[in-house]
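Residue numbers (UniProt numbering), protein chains in the order written: chain C, 1 to 125; chain D, 1 to 125. Yeah, the Cβ is synthetic: ideal placement off N, Cα and C, and Gly gets one too. Working notes, structure below.
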DNA sequence: ATCGTAGTACGGCGGTTGTCAAACTACGTC
DNA sequence: GACGTAGTTTGACAACCGCCGTACTACGAT
């Protein structure tokens with residue numbers, strides 16, 4: 001095995017690929033709203049909220065190309081909506097729920113709930 | 001006579017200038033977020049929330065030209081964020097708080113509170 | 001070392017956005 | 001009716017956005 005007892009996220013984080021995130025005080029409300037105003041990005045946020053802790057980009061099955069996908073994740077990250085870190089060749093994403101809650105209480109929850117309602121078509125029995 | 005004893009707001013509303021608004025079920029979350037993602041429009045929403053019931057466009061003292069101002073009000077109205085009606089030559093605007101609350105509970109409040117915090121300078125003792 | 005995988009970076013394309021000035025319209029008043 | 005006021009409309013322009021394909025990089029496995 002090329003991976004000894006070091007298989008924690010720190011290994012990947014320590015190697016070549018560092019990812020820049022805005023500090024909480026750098027997160028601007030307009031940027032967050034703009035990031036979430038796009039259907040694809042809103043969908044990403046929704047899946048991150050619904051789903052598991054961390055998700056690789058590939059797990060999303062988005063209706064856009066690979067490079068467009070990268071672009072959307074970048075917008076979300078630079079707006080401060082998500083946090084990303086590498087795990088092997090996969091870039092894992094997670095919502096920055098705590099940071100956003102501290103800055104804009106209730107905002108993320110309201111957006112996600114609103115998205116759930118809008119997107120939820122007929123939910124019959 | 002084209003204008004009899006009718007001098008109530010209904011007269012203005014009934015005369016030549018009709019304004020189209022989206023019905024509640026036509027209001028889309030992405031459009032609302034996009035509308036509020038612009039600094040000028042967010043400021044308009046903030047002043048409408050802070051302020052009086054209805055406000056004329058001219059009461060805002062925005063850092064843009066007249067026609068740009070018209071444009072921003074139009075975006076807000078078409079997104080379903082504000083409702084407008086004529087009163088004489090003034091176009092009065094009001095937040096559609098109830099409609100938005102019904103569609104996206106807590107969203108408008110969270111955005112406005114977030115905007116208040118962001119814009120609020122240091123809050124010293 | 002080579003190859004496959006996951007994702008980034010670059011460059012381009014077309015549509016949208018924010019901005020303005022200028023011309024126009026509707027209303028109230030003199 | 002003439003004038004001022006409040007706002008709209010049109011047309012233009014630069015900037016930005018979302019989208020793509022291609023070329024590239026980093027990591028893991030064979």
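Check: Excluding sequence positions up to five away, which residues of its chain have a Cβ less than 7 Å from the Cβ of residue 69(D)?
Finding: 57, 62
Check: With 8 Å set as the bound, which would you pick, yes or no: does the beta-carbon of residue 105(D) sit closer than that to a beta-carbon of chain C?
Finding: yes
Margin query: With a threshold of 8 Å, are at least 3 pairs of Cβ atoms found where one atom belongs to the segment 19 to 33 of chain C and the other to the segment 71 to 86 of chain C?
Written below: yes
Margin query: Pop quiz: residue 41(D) and residue 72(D) are said to be a contact at Cβ under 8 Å. What is the actual Cβ separation, rounded to whole angstroms?
Written below: 5 Å
Notebook entry, point to check: In the DSSP assignment, what residue or residues form a beta bridge with residue 118(C)?
Noted result: Answer is none; residue 118(C) lacks a bridge partner.
Margin query: Could you tell me which whole alpha helix (DSSP H) segments of length 4 or greater appear in the segment 27 to 109 of chain D?
Written below: 29 to 36, 39 to 50, 66 to 79, 97 to 103
Next item on the list: Please name the residue, chosen from 110(C), 103(C), 114(C), 119(C), that lies closest to residue 26(C) on a Cα-to-Cα basis.
Entry: 103(C)
Note to self: Rounded to the nearest angstrom, what separates residue 88(C) and residue 59(C) at their Cα positions?
What the structure shows: 15 Å
Notebook entry, point to check: Among 24(D), 75(D), 100(D), which has the Cα closest to the Cα of residue 44(D)?
Noted result: 75(D)
Item checked: Contact list for residue 51(C) against chain D, beta-carbon separation under 8 Å -> Here the premise fails: no neighbours, minimum Cβ distance about 20 Å.
Next item on the list: With 8 Å as the threshold, decide whether the Cβ of residue 130(C) is near any Cβ in chain D.
Entry: Residue numbering for chain C in the displayed model covers 1 to 125; residue 130(C) lies beyond these limits and cannot be assessed.
Next item on the list: Could you tell me if residue 17(C) is buried or exposed, where buried requires 16 or more neighbouring beta carbons within 10 angstroms of its beta carbon?
Entry: exposed
Notebook entry, point to check: With residue 110(D) and residue 110(C) assumed to form a contact (beta carbons below 8 Å), what rounded beta-carbon distance in angstroms separates them?
Noted result: 5 Å
Checklist line | Members of the segment 28 to 49 of chain D near chain C, C-beta cut-off 9 Å | finding: 28, 29, 30, 31, 32, 33, 34, 35, 36, 37, 38, 39, 42
Notebook entry, point to check: Does the beta carbon of residue 102(C) sit closer than 8 Å to a beta carbon anywhere in chain D?
Noted result: no
Notebook entry, point to check: Which class does residue 22(D) belong to by DSSP, given the choice of helix, strand or coil?
Noted result: coil
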